[in-house]
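In what follows, a structure is listed as structure tokens, so that the remarks can point back to it.
Residue numbers (our numbering): 7 to 81.
Here you go:
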């Protein structure tokens with residue numbers, strides 16, 4: 007039994023989608039009913055891996071430093 011769109015599924019139930027309440031198995035990456043990603047839910051891989059977090063942080067820092075260098079060169 008799925009909840010209506012927009013309703014929140016039962017809290018703490020790992021076999022139900024947190025968005026629509028549709029049934030999901032432990033190996034599903036997305037809900038078959040609404041398409042919500044299930045990453046980060048108990049028993050599933052986290053949304054970001056440690057390497058992805060650090061590469062994203064390094065990229066943002068690099069962009070910041072380039073912009074800072076351009077601003078310093080213009081002044």
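We treat Cβ as the ideally placed atom computed from N, Cα and C, and that holds for glycine.
For a test of the three-state rule: what should DSSP assign to residue 62, helix, strand or coil? Three-state DSSP puts residue 62 in a helix.
Identity of the residue in 44, 80, 25, 26 nearest residue 34 by Cα: Looking at the Cα atoms, 44 is the closest of the given residues.
How long is the line joining the alpha carbons of residue 41 and residue 55, rounded to whole angstroms? For residue 41 and residue 55, the distance between alpha carbons rounds to 22 Å.
Residue 57 to residue 71 span [Cα, whole Å]: One alpha carbon belongs to residue 57, the other to residue 71, and they sit about 21 Å apart.
Would you decide whether residue 38 is buried or exposed? Buried here means 16 or more other CB atoms lie within 10 Å of its CB. It counts as exposed.
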